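Using my numbering, you'd call the opening residue of the sequence shown number 151 and step up by one each time.
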Amino acid sequence: MKGRMKQASGLTLGAVFALALPAAGHAQSIGYEGMSGGQESSAPATGKPERQSKRAGRGQGGKRVEVVPYIEVDQIVTAELSPGNDVMTYTQAAVGVDAAIYGRNNGASASVRYERQFGWGKRASDGDAISGLVRGYTTIVPGVTLEAGGLATQVDVENGGQALGPGQVSDDTKTNIYSVYGGPSVVTRAGDLDVSANYRAGFTKVDQSSTARESGNTAQLFDKSVSQVADVEAGFAPGTVLPVGVGVGGSFYQEDISNLDQRVRDMQARALVTVPVSRTVQAVGAIGYEDVEISSRDALRDANGLPVIGSDGRYVTDKSAPRQLAYDVSGLIWDVAVMWRPSRRTSLSAHIGRRYGTTSFGGTLAYAPNDRSNLSVSVYDNVAGFGGQLNRTLDQLPDDFQVVRDPITGDLRGCVASLDGGNCLSGALGSVRSATFRARGISASYSMQVGRLNAGLGVGYDRRKYIAAQDTVLGASDGVIDENTWLAAYVGGPLGPVAGWSANVYANWLSTNDPLAADSTGYGASASYYRMFTPKLRGTLAVGLDGVTRDDPSIDDLWSASALAGLRYSF
151 MKGRMKQASG
161 LTLGAVFALA
171 LPAAGHAQSI
181 GYEGMSGGQE
191 SSAPATGKPE
201 RQSKRAGRGQ
211 GGKRVEVVPY
221 IEVDQIVTAE
231 LSPGNDVMTY
241 TQAAVGVDAA
251 IYGRNNGASA
261 SVRYERQFGW
271 GKRASDGDAI
281 SGLVRGYTTI
291 VPGVTLEAGG
301 LATQVDVENG
311 GQALGPGQVS
321 DDTKTNIYSV
331 YGGPSVVTRA
341 GDLDVSANYR
351 AGFTKVDQSS
361 TARESGNTAQ
371 LFDKSVSQVA
381 DVEAGFAPGT
391 VLPVGVGVGG
401 SFYQEDISNL
411 DQRVRDMQAR
421 ALVTVPVSRT
431 VQAVGAIGYE
441 DVEISSRDAL
451 RDANGLPVIG
461 SDGRYVTDKS
471 APRQLAYDVS
481 GLIWDVAVMW
491 RPSRRTSLSA
501 HIGRRYGTTS
511 FGGTLAYAPN
521 DRSNLSVSVY
531 DNVAGFGGQL
541 NRTLDQLPDD
551 FQVVRDPITG
561 DLRGCVASLD
571 GGNCLSGALG
581 SVRSATFRAR
591 GISASYSMQV
601 GRLNAGLGVG
611 YDRRKYIAAQ
621 DTVLGASDGV
631 IDENTWLAAY
641 VGGPLGPVAG
651 WSANVYANWL
661 STNDPLAADS
671 TGYGASASYY
681 RMFTPKLRGT
691 LAVGLDGVTR
701 DDPSIDDLWS
711 ASALAGLRYS
721 F
């Protein structure tokens, strides 16, 4: 690992607060314990101290600037294997840029690409897509950091909002997802008092073409949202004013969803006591108060009492209708946690307590046996909407990464390549229903370098129970459960001084108790070989296989195989 992890005896109080507060830096499935959906390598802490340590390590290594724009032209052949047997040909033109910029006080990784497909013949339709991932930070003054990031990707949306990978060739039946976030973090000290604060704001948009809307699945799909999360914490570490650590903190989360004016609001305040058990173990107890509300309005009704659907295919909100509560929980919350950090390369935390009116538990494990491998595991529990969940995923991605792309479509494939901890997006993208939900799950990722070979594996399980007001058009979603079990893996490396190869696979097993939707499974695998003809000109050959199977016997399984030959010129 590039950063150094402190021994448990030297943990800051800010690390302890992670067990109780949904700090702005937490990811995919933020919980009150601050445990992400597999997005953080530093277990007992919020992730903020460890992330700062890694950044400091990079800065001491000197400046690094790599910006590589490129243009690309490809020829693609796609053969339907089931249910049809059509063979379609496409010409694909793309422009993009890959970048990694690091200095003493700033850093960013980015991969952004625009591509246009031109179909040959009537069966092969034209299409285009923007895909990319950006994550970066800059230090304004010592102790004040500004972070930002963004995502653009495509999915195939099933009936009921289940989302699968986009298949081999982008076209106008795909659903586009865009998400951006940003905000400051402040860490300071007043005598023995540790103080930290974070704020993040995010925006997420799900966009469907007119062709996709004609499928009739749009009304219940997420449209857009604005999310905000903030926390502040202050306290004394063990051994300063008392033998135990003491502190207080508070947090606020709100997501405003355009679909029927849904709103998620989660506020809490806590007091904590930290007890050092040994040099490597600490126990934490917390007690506080929470107030969580989810509300929405109903759809506008026509003369027959039917909900009105707008030109975008979604329900039109009745702005004059009163706001209706779908979820309202307030009262005492508590938890107990154990943090174990036997070395700078191993950390574990686990907690159990009461949240959302029920028992809640979570934890994280981070293990880096050497500088060339990293294991990250997380268990999480939270309430959110699709946009807020995705914003948090982006916020918790590592700063230093390489995007893993499908070699044929160029789209993102589940995880990024990084040795800085949890690095997968798949859990956040499994469903794009418009209703809010309580998410529980587990996520794990392992990345490694063996010589010049890079490899990684991500697996996870995400369970979302949807929450909606019964007396609204969203009422049918209340109590629906979507489950997403996912896997993503990649491997690649050079073949001599001027050639190389890569391969990746993914799978999503989606199940639901929604009577209007069927369980489905998406699979994909691809492999590529490249060769440098000149220092700037690269040729690529690639093959891929994608499939979707469904439990509904009335719907055919879909399988296709593709091959690509292309040239890329890098500037």
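Virtual Cβ for every residue (Gly too), placed ideally from N, Cα, C. All values derive from a computational prediction rather than experimental measurement.
CA-CA distance, residue i and residue j?
| i | j | result |
| --- | --- | --- |
| D696 | A649 | 26 Å |
| Y477 | Y439 | 17 Å |
| R464 | D561 | 27 Å |
| S676 | L691 | 11 Å |
| P548 | T509 | 31 Å |
| T496 | R522 | 14 Å |
| P685 | E216 | 15 Å |
| Q210 | I705 | Model confidence at Q210 stands at a pLDDT of 46, short of 50, so the residue's coordinates are unreliable; what they give is reported in the following sentence. Roughly 57 Å between the two C-alpha positions. |
| A302 | R494 | 35 Å |
| F372 | L645 | 44 Å |
| S461 | R473 | 24 Å |
| F587 | R420 | 24 Å |
| G642 | M682 | 16 Å |
| A340 | I290 | 20 Å |
| S712 | G694 | 5 Å |
| N524 | A605 | 11 Å |
| R208 | A260 | Model confidence at R208 stands at a pLDDT of 47, short of 50, so the residue's coordinates are unreliable; what they give is reported in the following sentence. Their Cα atoms are separated by approximately 17 Å. |
| A384 | V336 | 12 Å |
| N520 | V533 | 36 Å |
| Y517 | A436 | 26 Å |
| I407 | A585 | 9 Å |
| V655 | L624 | 36 Å |
| R688 | Y719 | 6 Å |
Less than 8 Å between the CB atoms is what I'm expecting for residue i and residue j, so what's the real figure, rounded?
| i | j | result |
| --- | --- | --- |
| V609 | W636 | 7 Å |
| G577 | S593 | 5 Å |
| E405 | G535 | 5 Å |
| T295 | W270 | No, T295 and W270 are not in contact; Cβ-Cβ is about 50 Å, not under 8 Å. |
| G564 | A653 | Not a contact, Cβ separation roughly 13 Å. |
| Q412 | S359 | Not confirmed; about 24 Å, so no contact. |
| S418 | S401 | A small fix is needed here, since residue 418 is Gln in this sequence, not Ser. With 8 Å as the limit, Q418 and S401 qualify as a contact, their Cβ atoms being about 6 Å apart. |
| D545 | R415 | Their Cβ separation, rounded to whole angstroms, is 19 Å, which puts D545 and R415 out of contact at 8 Å. |
| D278 | R266 | 4 Å |
Measuring CA to CA, which of the options is closest to residue i?
| i | options | result |
| --- | --- | --- |
| G395 | Q432, R214, I502 and S377 | Q432 |
| S528 | G503, N573 and P519 | N573 |
| R555 | G315, P457, G293 and D702 | G315 |
| T662 | E443, L456 and T671 | T671 |
| F721 | G246, Q552 and A229 | G246 |
| G716 | P557, L666, Y403 and R563 | P557 |
| Q242 | G591, E230 and E222 | E222 |
| A369 | A639, N309 and Y264 | N309 |
| R429 | D468, E297, P492 and P334 | P492 |
| A104 | S627, D702, L645 and G643 | Since the first residue of the chain shown is 151 and the last is 721, residue 104 is not available in this structure. |
| F353 | D621, R542, Y680 and P647 | R542 |
| L603 | D531, A500 and A567 | A567 |
| L231 | R718, Y719, W709 and L714 | W709 |
| L666 | Y656, S627, G674 and L687 | S627 |
| Q539 | R583, F551, I483 and L607 | R583 |
| A618 | I280, D441, L607 and L475 | L475 |
| G537 | Y328, I483 and S480 | Y328 |
| P292 | Y506, L714 and T338 | T338 |
Looking at the strands, I want to know which residues DSSP matches up with residue i.
| i | result |
| --- | --- |
| A249 | V217 and A260 |
| K374 | K355 |
| Q418 | S401 and E440 |
| I407 | S375 and Q412 |
| T288 | N256 and L296 |
| R339 | D344 |
| E308 | Its beta-bridge partners do not exist; DSSP assigns none. |
| A433 | V425 and V488 |
| R675 | This sequence places Ala at residue 675; Arg is not what is there. Looking at the DSSP assignment, A675 forms a beta bridge with V655 and L695. |
| Y331 | G299 and G352 |
| Q125 | Residue 125 lies beyond the stretch modelled for the chain, which goes from 151 to 721, so this question has no answer here. |
| G689 | R681 and L717 |
| L603 | V600 |
| N524 | S597 |
| N634 | D612 and L660 |
| I592 | V529 and Y611 |
| S510 | G503 |
Determine contact between the region 486 to 496 and the region 594 to 604, defined as no fewer than three beta-carbon pairs at a distance below 8 Å.
no
Touching by the beta-carbon criterion (3+ pairs, under 8 Å), the region 248 to 260 and the region 230 to 238
No, they do not touch.
Quick test of the definition: if touching needs 3 or more C-beta pairs under 8 Å, does the region 343 to 361 touch the region 374 to 391?
yes
Say whether the region 447 to 456 touches the region 415 to 431, bearing in mind that this needs 3 or more beta-carbon pairs closer than 8 Å, one atom from each stretch.
Judged by Cβ distances under 8 Å, the region 447 to 456 makes no contact with the region 415 to 431, as fewer than three pairs qualify.
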